[in-house]
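**Student:** Once you've had a glance at the structure underneath, I'll fire off some questions.
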Amino acid sequence: MRLSRINIVAALVVCVAFVSSGCNSETSGKSKGPYRITCTVGMITDIVRQVAGDKADVEGIIGEGVDPHLYQATRSDINKLMAADIVFYNGLMLEGKMADALVKVGRKRPVYAATEFVDKSRLLEPPEFDGHHDPHLWMDPTLWKKCAETIAKTLGEFDPANKSHYFKNYERYAQQIDKLHEYAQKSLSTIPEKSRVLVTAHDAFNYFARAYDLEVKGIQGISTESEAGLKDINQLVDLLVQRGIRAVFVESSVSDKNVKALVEGAAAKGGKVTIGGTLFSDAMGRPGSYEGTYIGMIDHNVTKITRALGGKAPQKGMQGKLSGG
Ligand SMILES: [Zn+2]
Numbered sequence: 014m015r016l017s018r019i020n021i022v023a024a025l026v027v028c029v030a031f032v033s034s035g036c037n038s039e040t041s042g043k044s045k046g047p048y049r050i051t052c053t054v055g056m057i058t059d060i061v062r063q064v065a066g067d068k069a070d071v072e073g074i075i076g077e078g079v080d081p082h083l084y085q086a087t088r089s090d091i092n093k094l095m096a097a098d099i100v101f102y103n104g105l106m107l108e109g110k111m112a113d114a115l116v117k118v119g120r121k122r123p124v125y126a127a128t129e130f131v132d133k134s135r136l137l138e139p140p141e142f143d144g145h146h147d148p149h150l151w152m153d154p155t156l157w158k159k160c161a162e163t164i165a166k167t168l169g170e171f172d173p174a175n176k177s178h179y180f181k182n183y184e185r186y187a188q189q190i191d192k193l194h195e196y197a198q199k200s201l202s203t204i205p206e207k208s209r210v211l212v213t214a215h216d217a218f219n220y221f222a223r224a225y226d227l228e229v230k231g232i233q234g235i236s237t238e239s240e241a242g243l244k245d246i247n248q249l250v251d252l253l254v255q256r257g258i259r260a261v262f263v264e265s266s267v268s269d270k271n272v273k274a275l276v277e278g279a280a281a282k283g284g285k286v287t288i289g290g291t292l293f294s295d296a297m298g299r300p301g302s303y304e305g306t307y308i309g310m311i312d313h314n315v316t317k318i319t320r321a322l323g324g325k326a327p328q329k330g331m332q333g334k335l336s337g338g
């Protein structure tokens, strides 16, 4: 396991090297008409679409409810990546099983990590992740805004004729992200002090917890590759019962098996714990729906968490657009 992680890191380093060479050879010319961008996870696909506007056809390959930690690129994905003029991925080992594919594509196409220029001092390095950074940056809108800025800069270099278009789109979108962040701060601050513990299926919410002052416990580690042991589940059951935590959460891209075991374990010890809802951790909601956008996804999470843990937030969220389910 440890060896394979090292291999992934080595592969990504190679990938970055190809990125810079690809950048010089492939992106110096001017683009003609809409060009093609292929992205890995939905959260990146969405911000790239916001920034590119009508200048590019943007496609994502990891869809609704799909776990990026375990995702392996199919032949058709490789074709989509190879057919792109630019590729964006998250980086920080999120797409751990796609490292080889990204290296391969990086020899032919410019490949960029959206998280590359986020200030390293703002990245978390949880002890259980063997000295690597936590990849779930989208959980803190202020960090994801920085990634959107990186995308605007990258597109401006690729297509200099439309540089101002990309920056205008970025600025408009950044204002929406700021509003989302304000809504999250306001809503989550209403959760009573003793209930400010977020228990989820895997450790995707560290940045979210830091941004909004919550304590976070994931049953599985940073990557869903790790298995939750019986001991970990028993310890979490004790914590839920002792502290009277009323809700835990499942995630759309991770099996609910462990979370259900937690609720049953707590009930056996006299605790009243319910499932507070399904959160969007590493994948967005249905394409075409509000929850299928980055802003909708975070709005959904903030609203569900706030309400389930005893805080105050409107049922349909920040702008009345949530399905309320
Ligand atoms: Zn994750």
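Numbering (this note's numbering), first residue to last: 14 to 338.
Beta carbons are placed, not taken as given, at the ideal position from N, Cα and C, and that holds for glycine.
Small disclaimer: the values here were computed from a predicted structure and weren't measured.
1. Taking the C-alpha atoms as reference points, what is the distance between leucine 150 and threonine 287?
2. Could you tell me the boundaries of the beta strand (DSSP E) in which glutamate 264 lies?
3. Within 8 Å, do at least three Cβ pairs link the segment 149-164 to the segment 125-139?
4. Check the C-beta distance from alanine 217 over to serine 294 and give it rounded, since I have them as a contact under 8 Å.
5. State buried or exposed for glutamate 162, treating a residue as buried only when at least 16 other CB atoms are found within 10 Å of its CB.
6. Take asparagine 182 and list the residues in its own chain whose beta-carbon comes closer than 8 Å to its own, dropping the five residues that flank it on each side.
7. DSSP three-state call for leucine 243: helix, strand or coil?
8. Does the distance between the C-beta of lysine 237 and the nearest non-hydrogen atom of ligand 1 fall short of 8 Å?
9. Tell me the DSSP secondary structure of phenylalanine 142 in three-state form.
10. When the Cα atoms are used, what is the spatial distance from lysine 93 to glycine 330?
11. From what residue to what residue does the alpha helix (DSSP H) around threonine 155 run?
12. Alpha carbon to alpha carbon, how far is leucine 201 from isoleucine 318? Give it in angstroms, no decimals.
13. If you check the beta carbons only, do glutamate 141 and glycine 234 fall under 9 Å apart?
14. Does the Cβ of lysine 207 have 16 or more other Cβ atoms within 10 Å, making it buried, or fewer, making it exposed?
15. Any residue with its C-beta under 5 Å from a non-hydrogen atom of ligand 1 counts. Can you list them all in chain order?
16. Would you please state the rounded distance, in angstroms, between the beta carbons of alanine 114 and isoleucine 91? I believe it to be under 8 Å.
17. Out of His82, Ala296, Ile50, point me to the one whose CA is closest to isoleucine 311's CA.
18. In three-state DSSP terms, what is threonine 319?
19. Specify the secondary structure class of leucine 94 as computed by DSSP and reduced to three states.
20. Sort Gly333, Lys158, Thr51, Ser265 by Cα distance to valine 124 and report the nearest one.
21. In whole angstroms, what separates the C-alpha of isoleucine 308 from that of serine 239?
22. Name the residue from Thr128, Pro148, Gln85, Lys121 whose alpha carbon lies nearest to the alpha carbon of methionine 106.
23. Leaving aside the five residues before and after isoleucine 86 along the sequence, list all residues of the same chain whose C-beta is less than 6 Å from its C-beta, in chain order.
24. CA-CA distance, isoleucine 99 and aspartate 70?
25. Report back the beta-carbon spacing between leucine 7 and threonine 213 to the nearest angstrom; my notes put them in contact at under 8 Å.
26. Distance, Cα to Cα, tyrosine 225 vs aspartate 143?
27. With isoleucine 204 as the anchor, note down where its alpha helix (DSSP H) starts and where it stops.
28. Between tyrosine 84 and glycine 298, what straight-line distance do the alpha-carbon atoms span, to the nearest angstrom?
**Tutor:** Quick look at the numbers:
1. Each residue's alpha carbon lies about 28 Å from the other.
2. DSSP places glutamate 264 in the uninterrupted beta strand (DSSP E) bounded by 260-264.
3. Of all C-beta pairs linking the segment 125-139 to the segment 149-164, three or more are shorter than 8 Å, placing the two stretches in contact.
4. Contact between alanine 217 and serine 294 holds, with the beta-carbon distance rounding to 4 Å and staying under 8 Å.
5. Per the 10 Å Cβ criterion, buried.
6. The residues are Gln63, Val64, Ala65, Gly66, Ala165.
7. Residue state for leucine 243 is assigned as helix, using DSSP reduced to three classes.
8. Per the sequence shown, residue 237 should be read as threonine rather than lysine. Yes, the Cβ of threonine 237 comes within 8 Å of a heavy atom of ligand 1.
9. In the three-state DSSP reduction, phenylalanine 142 falls in the helix class (H, G or I).
10. Approximately 35 Å, taken between the alpha carbons.
11. Start and end: 154-171.
12. When rounded, the distance between both Cα atoms is 8 Å.
13. By the CB criterion at 9 Å, glutamate 141 and glycine 234 fall inside the cutoff.
14. Taking all protein chains in view, the Cβ of lysine 207 is surrounded by fewer than 16 other Cβ atoms within 10 Å, so the residue is classified as exposed.
15. Here the residues come out as Ala217, Asp295.
16. Sure, about 6 Å apart at Cβ, within 8 Å.
17. Minimum Cα distance to isoleucine 311 is reached at Ala296.
18. When DSSP states are grouped into helix, strand and coil, threonine 319 belongs to the helix group.
19. DSSP places leucine 94 in helix when its eight states are reduced to three.
20. The residue with the shortest Cα to Cα distance from valine 124 is Thr51.
21. Serine 239 has its alpha-carbon roughly 29 Å from the corresponding atom of isoleucine 308.
22. The option with the nearest alpha carbon to methionine 106 is Pro148.
23. Position check: residue 86 holds alanine in this sequence, whereas isoleucine was assumed. Here the set comprises Met111, Ala114.
24. Going by the C-alpha atoms only, they are around 11 Å apart.
25. Since the first residue shown for the chain is 14 and the last is 338, residue 7 is missing from the structure and cannot be characterised.
26. Rounded to whole angstroms, the separation of the alpha carbons of aspartate 143 and tyrosine 225 is 25 Å.
27. Following the DSSP letters along the chain, one finds isoleucine 204 in no alpha helix (DSSP H), marked with neither H nor E.
28. Taking the straight line from one Cα to the other gives about 17 Å.
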